[in-house]
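One structure is given below, encoded as structure tokens.
There are 2 protein chains.
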Amino acid sequence: MAVRAGLTTTKVVDAALELVDEQGVEALTLAAVAARTGVATPSLYKHVASLGDLRDLVGLRVLEDLTARCTETVVGRSGDEAVRALMHAFRAYVQEHPKRYAAAPMDPLHDELQRAAGLKFMELVLATLRSYGLEGSDAVHATRRLRVIVHGFASIEASGGFGLPEGLDDTYDQLVRMYLDDLRGKS
Amino acid sequence: MAVRAGLTTTKVVDAALELVDEQGVEALTLAAVAARTGVATPSLYKHVASLGDLRDLVGLRVLEDLTARCTETVVGRSGDEAVRALMHAFRAYVQEHPKRYAAAPMDPLHDELQRAAGLKFMELVLATLRSYGLEGSDAVHATRRLRVIVHGFASIEASGGFGLPEGLDDTYDQLVRMYLDDLRGKS
DNA sequence: CCCAAAAGCTAATGGCATTAGCCTTCCCAC
DNA sequence: GTGGGAAGGCTAATGCCATTAGCTTTTGGG
């Protein structure tokens, strides 16, 4: 031990995310992260509480990253254009990091650690829908419908679940249009 | 060993599915299945090739079961009513076995073992959509859109991903209506 | 310059999957 | 009926991984 490795929780999560991107969530193991960061496995416990904790931290990171990406894309736009931008940014992020998406938490609101990030994404969607003047539960339903579409498509695409890759862009465009037509039709 | 346990691959999968229903996919372990079937762990290898193989078999079972359930519900109906029935049957199945759905394969067409079952489900959807007279790729896109909606909603609901459970029936009804409106609008 | 907290390490434990090799049950051909 | 081989089970052994305990070393602030 001439010198310390200088790990931090952030660096551990960085390495974990690299691993996930390269080999998928099932390859996320403390032993692999330790090897990648040049440290013995038990040393990681100085930075994360357990493998489960690391998984949560990776999930949080992905959710925050995705939200940031979507936010960037939406700002400065409104109405249909904003919704389209949000939905396409979501898909683009997942396309760029297909393995990663499986690490994103599906129920962030029920996890103390991830709740804030989950609310942030939800508020982004609500803000994006603001100009449609939805009242009360209508806004909730519209948010859920959007989430169902983006998550449904992204999760299937990321796992290679569509039989043929042909025409996937068209399919997604149709879903976006369908969502918008519906939104306009019932406003 | 007075008498044999009389296991078969089917019984092993039955036990595995029970385990998944009760404790979730992450609890599916050869050790747990062995305990439940009253056998030593290595004995399971006489019936399944590996844990991965068992997971595939469980996934196959779920897909077949789900397809059977949807098929029963759709027969005898046509048009919008058939589509509504299919989508609601899918959701109902997943609601009845929430943990199980996480074991269903997302890309059945790319697995030799599961391919036939995947095609069967796809053909059910195509048959259900037949009366809309979709040609060529339009039928493919319509199938994908339906899948995105049912899978997206079911996976989020099954994992408790919707913050509040209130009004979920309404949200789903809206999604079904949105899908049908879109289908009619572009026929 | 000292010393306590932080960051690493090694050793040990226990769960799980998997393989090898052995024993017993069953059933079918004779 | 019966004998023998295949099928179904078992124990023992290996190896990977997570986790805990307890020790050593580095480091940064007083």
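Sequence lines, in order, name chains A and B. The numbering used here applies: residue 1 is where the first sequence begins, and numbers increase by one. The numbering used here applies: residue 188 is where the second sequence begins, and numbers increase by one. The beta carbon of each residue, even a glycine, is placed where N, CA and C say it ideally should be. Every value quoted in this text rests on a predicted model; they were computed, and no experiment measured them.
N- and C-terminal bounds of the alpha helix (DSSP H) containing residue i
| i | result |
| --- | --- |
| B/Lys307 | 302-316 |
| B/Phe376 | Shown here, chain B extends from 188 to 374; a query on residue 376 of chain B therefore has no answer. |
| B/Thr195 | Per DSSP, B/Thr195 belongs to no alpha helix (DSSP H) and is neither H nor E. |
| A/Gly136 | That residue, A/Gly136, is in no alpha helix (DSSP H); it is neither H nor E in DSSP. |
| B/Thr260 | 238-261 |
| A/Ala89 | 79-96 |
| B/Ala227 | Run containing B/Ala227: none; DSSP gives neither H nor E here. |
| B/Thr358 | 355-372 |
Within chain B, partners of residue i - CB distance below 8 Å
| i | result |
| --- | --- |
| A/His97 | By Cβ distance, chain B contributes nothing, its closest Cβ being about 17 Å from A/His97, past 8 Å. |
| A/Gly167 | Ser324, Val327, His328 |
Residue i: contacting residues in chain A (beta-carbon distance under 7 Å)
| i | result |
| --- | --- |
| B/Ser346 | Met106, Asp107 |
CB of residue i within 9 Å of CB of residue j, strictly
| i | j | result |
| --- | --- | --- |
| B/Thr358 | A/Val148 | yes |
| B/Asp369 | A/Met178 | yes |
| A/Thr73 | A/Leu63 | no |
| A/Val75 | A/His47 | no |
| A/Leu28 | A/Leu51 | yes |
| B/Gly350 | A/His141 | no |
| B/Lys286 | B/Glu344 | no |
| A/Ala102 | A/Ser155 | yes |
| A/Asp56 | A/Asp111 | yes |
| A/Leu124 | A/Thr41 | no |
| B/Ser230 | B/Ala203 | no |
| A/Arg184 | A/Asp80 | yes |
| B/Gln282 | B/Pro292 | no |
| A/Leu30 | A/Leu7 | no |
| A/Pro108 | A/Leu60 | yes |
| B/Gly339 | A/Phe153 | yes |
Minimum Cβ-Cβ distance from residue i to chain A less than 9 Å
| i | result |
| --- | --- |
| B/Val220 | no |
| B/Arg371 | no |
| B/His234 | no |
| B/Thr358 | yes |
| B/Leu398 | Here chain B has residues from 188 to 374 only, and residue 398 of chain B is not among them. |
| B/Met309 | yes |
| B/Leu362 | yes |
| B/Met274 | no |
| B/Phe340 | yes |
| B/Arg271 | no |
| B/Lys198 | no |
| B/Arg256 | no |
| B/Asp201 | no |
Within-9 Å CB hit, residue i to chain B
| i | result |
| --- | --- |
| A/Ser187 | Because A/Ser187 carries a pLDDT of 41, less than 50, the predicted location of this residue cannot be relied on, and the following value inherits that uncertainty. Judged by the 9 Å Cβ criterion, A/Ser187 is not in contact with chain B. |
| A/Tyr101 | no |
| A/Gly118 | yes |
| A/Glu18 | no |
| A/Arg144 | yes |
| A/Thr8 | no |
Contacts that residue i makes with chain B (C-beta to C-beta distance below 7 Å)
| i | result |
| --- | --- |
| A/Val148 | Ile336, Gly339, Phe340, Ile343, Leu362 |
Chain A residues whose Cβ lies nearer than 9 Å to that of residue i
| i | result |
| --- | --- |
| B/Asp368 | Met178, Asp181, Asp182, Gly185 |
Contacts of residue i in chain B (Cβ-Cβ under 9 Å)
| i | result |
| --- | --- |
| A/Arg91 | None at all; the shortest Cβ gap to chain B is about 11 Å. |
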